[in-house]
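Asks:
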Amino acid sequence: MKTITVNRSVTASNDLDADALRQELKEKGITLINLMSSPGSGKTTLLSRLITDLKSEINIAVMEADIDSNVDALKIESLGAKSIQVHTSGMCHMDAGMTRKSIEEMDTENVELAILENVGNLICPAEFDTGAHKNVMILSLPEGDDKPLKYPLMFEKSDVLVITKIDTKDYFKFDMDACKERVLKLNEDIKIFPVSAKTGEGMDALEGWIREILIKG
Ligand SMILES: Nc1nc2c(ncn2[C@@H]2O[C@H](COP(=O)(O)OP(=O)(O)O)[C@@H](O)[C@H]2O)c(=O)[nH]1
Ligand SMILES: [Mg+2]
7 MKTITVNRSV
17 TASNDLDADA
27 LRQELKEKGI
37 TLINLMSSPG
47 SGKTTLLSRL
57 ITDLKSEINI
67 AVMEADIDSN
77 VDALKIESLG
87 AKSIQVHTSG
97 MCHMDAGMTR
107 KSIEEMDTEN
117 VELAILENVG
127 NLICPAEFDT
137 GAHKNVMILS
147 LPEGDDKPLK
157 YPLMFEKSDV
167 LVITKIDTKD
177 YFKFDMDACK
187 ERVLKLNEDI
197 KIFPVSAKTG
207 EGMDALEGWI
217 REILIKG
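Every letter in the sequence shown is one number past the one before it in this note's numbering, and letter 67, counting from 1, is 73.
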């Protein structure tokens with residue numbers, strides 16, 4: 007498995023870089039999803055479940071961004087998906103230039119779906135367009151239903167909210183309706199999928215959405 011280090015991009019406009027990358031990937035028939043959440047919410051576990059369920063029908067590649075470790079990329083690779091570990095030189099987010107470099111370092115032959123597991127953080131990643139076609143964020147049930155009030159930008163920037171670890175609902179106080187209402191107030195177009203990556207509950211709906219957004223190459 008390959009590990010690369012990327013540095014902050016020095017170009018004048020991250021937004022222009024992001025638009026260019028989005029367009030180039032579209033022309034190649036590669037759909038890029040940017041997956042964001044706080045550390046430990048369940049990004050790698052959700053990705054593992056998606057790869058296991060979808061790998062027979064969709065060619066998936068994963069970029070694992072982390073400040074410094076290889077554990078996530080090794081886990082993804084063991085499931086049979088293409089994977090690259092990206093170290094961010096201490097930075098808490100990925101920008102479009104960093105994402106481009108990561109994709110260029112990967113073998114993307116025949117890849118239909120590329121997923122960037124962004125650095126675990128609910129603040130910085132929301133501030134940088136990575137060039138992804140869709141932004142997906144995870145909120146895990148144990149984190150609490152008040153997170154939309156504390157980190158509104160991430161909820162505003164996301165196309166999809168996955169509320170994960172719903173198998174733990176008996177152990178945590180989490181008002182699902184109140185949470186959805188807070189999220190929809192920030193972003194009326196966001197799609198919300200409650201799931202458990204552990205039991206598989208709710209995964210069908212999320213996987214259906216992924217099939218719908220794939221760019222047909
Ligand atoms: N009960 C439960 N635990 C989960 C679920 N998804 C992830 N976890 C656990 O949450 C912890 C962090 O998960 P991980 O995928 O590494 O989070 P990441 O840091 O966002 O990539 C691990 O102990 C997982 O087993 C879930 O749906 N249900
Ligand atoms: Mg992870």
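All residues carry an ideal CB built from backbone N, CA and C; glycine is no exception.
Report all residues from its chain with a CB closer than 6 Å to the CB of Gln91; omit the five preceding and five following residues, and keep chain order.
Replies: The count along the sequence shown starts at 1 and reaches residue 91 at position 85. Within the same chain, Gln91 has close Cβ partners Thr9, Glu70, Asn76 and Ala79.
Asks: Using the Cα positions of Leu56 and Phe178, report the straight-line distance between them to the nearest angstrom.
Replies: Numbered from 1 along the sequence shown, position 50 holds the residue referred to as residue 56. Numbered from 1 along the sequence shown, position 172 holds the residue referred to as residue 178. Approximately 25 Å, taken between the alpha carbons.
Asks: Near ligand 2, which residues have their beta-carbon less than 5 Å from any of its heavy atoms, given in chain order?
Replies: Every residue passing the under-5 Å Cβ criterion appears here: Lys49, Thr50 and Asp78.
Asks: Between Thr170 and ligand 1, is there a pair consisting of the residue's CB and a ligand heavy atom that are separated by less than 7 Å?
Replies: Counted from its first residue, the sequence shown places residue 170 at position 164. Yes, the beta carbon of Thr170 sits closer than 7 Å to at least one heavy atom of ligand 1.
Asks: In terms of alpha-carbon separation, which member of Leu220, Lys222 and Thr174 lies closest to Gly48?
Replies: Counting from one through the sequence shown, the residue named residue 48 turns up at place 42. Of the listed residues, the one whose Cα sits closest to Gly48 is Thr174.
Asks: Do three or more CB pairs link the segment 194-205 to the segment 16-27 at distances below 8 Å?
Replies: Segments in contact, no.
Asks: Where Glu162 and Phe180 are concerned, what is the direct C-alpha to C-alpha distance, given to the nearest angstrom?
Replies: Indexing the sequence shown from 1 puts residue 162 at position 156. Indexing the sequence shown from 1 puts residue 180 at position 174. Their backbone Cα atoms lie some 21 Å apart in a straight line.
Asks: How close, in whole Å, do the beta carbons of Thr105 and Gly150 come, if the pair is a contact with beta carbons under 8 Å?
Replies: Translated into the one-based positions of the sequence shown, residue 105 becomes position 99. Translated into the one-based positions of the sequence shown, residue 150 becomes position 144. Contact doesn't hold; Cβ gap of about 30 Å is too wide.
Asks: For Ile66, which residues of its own chain have a beta-carbon under 6 Å away from its beta-carbon, when the five flanking residues on both sides are left out?
Replies: Within the sequence shown, numbered from 1, the residue matching residue 66 stands at position 60. Contacts found: Ile57, Ala87 and Leu119.
Asks: Using beta-carbon positions only, say whether Asn13 and Phe134 come within less than 8 Å of one another.
Replies: Your numbering for residue 13 matches position 7 in the sequence shown. Your numbering for residue 134 matches position 128 in the sequence shown. Against a cut-off of 8 Å, the Cβ pair of Phe134 and Asn13 comes out as no contact.
Asks: When DSSP labels each residue in this structure, what does Pro154 get in the three-state scheme?
Replies: By one-based count along the sequence shown, residue 154 stands at place 148. Correct three-state label for Pro154: helix.
Asks: With a threshold of 7 Å on Cβ separation, who are the neighbours of Lys81 within its own chain once the five nearest residues in sequence on each side are excluded?
Replies: Looking up residue 81 in the sequence shown gives position 75. Thr50 and Ser54, listed in sequence order.
Asks: Which value, in whole angstroms, describes the spacing of the CA atoms of Ile144 and Ser164?
Replies: The residue given as residue 144 occupies position 138 in the sequence shown. The residue given as residue 164 occupies position 158 in the sequence shown. Ile144 and Ser164: Cα-Cα distance of roughly 10 Å.
Asks: I'd like to know whether the C-beta atoms of Pro45 and Gly103 end up nearer to each other than 8 Å.
Replies: For the purposes of this step, residue 45 is identified with residue 39 of the sequence shown, where counting begins at 1. For the purposes of this step, residue 103 is identified with residue 97 of the sequence shown, where counting begins at 1. Against a cut-off of 8 Å, the Cβ pair of Gly103 and Pro45 comes out as no contact.
Asks: Between the beta-carbon of Leu38 and the beta-carbon of His139, is there less than 8 Å?
Replies: Looking up residue 38 in the sequence shown gives position 32. Looking up residue 139 in the sequence shown gives position 133. For Leu38 and His139, yes; Cβs fall inside 8 Å.
Asks: Answer with buried or exposed for Val142, where buried requires no fewer than 16 other C-beta atoms within 10 angstroms of its C-beta.
Replies: Taking the first residue of the sequence shown as position 1, residue 142 is located at position 136. Classification of Val142: buried, given that the 10 Å Cβ count is 16 or more.
Asks: Compute every distance between the C-beta of Gly126 and the non-hydrogen atoms of ligand 1, then say whether any falls below 7 Å.
Replies: For this step, residue 126 is matched to residue 120 along the sequence shown. For ligand 1, at least one heavy atom lies less than 7 Å from the Cβ of Gly126.
Asks: Closest to Lys171 by CA distance: which of Asp183, Glu194 and Gly206 is it?
Replies: Within the sequence shown, the letter at position 165 stands for residue 171. Among Asp183, Glu194 and Gly206, the Cα nearest to that of Lys171 belongs to Gly206.
Asks: In this structure, does DSSP put Asp113 in helix, strand or coil?
Replies: Looking up residue 113 in the sequence shown gives position 107. Coil.
Asks: If His93 sits next to Ile109, beta carbons under 8 Å apart, how far is it from one beta carbon to the other, in whole angstroms?
Replies: To locate residue 93, count along the sequence shown from 1; it is residue 87. To locate residue 109, count along the sequence shown from 1; it is residue 103. That pair is no contact at about 16 Å.
Asks: By Cβ distance, which residues of its chain are closer than 6 Å to Glu146, with the 5 residues on each side in sequence left out?
Replies: Taking the first residue of the sequence shown as position 1, residue 146 is located at position 140. The sequence as given places Ser at residue 146; Glu does not occur at that position. Answer for Ser146: Ser47, Gly48, Thr170 and Lys171, listed in chain order.
Asks: To the nearest angstrom, how far is the alpha carbon of Ser62 from that of Leu220?
Replies: Sequence index remark: in the sequence shown, residue 62 carries index 56 (1-based). Sequence index remark: in the sequence shown, residue 220 carries index 214 (1-based). Computed Cα separation, rounded: 15 Å.
Asks: Could you give the first and the last residue of the continuous beta strand (DSSP E) run that contains Ala71?
Replies: The residue given as residue 71 occupies position 65 in the sequence shown. Its beta strand (DSSP E) spans residues Ile66 to Asp72.
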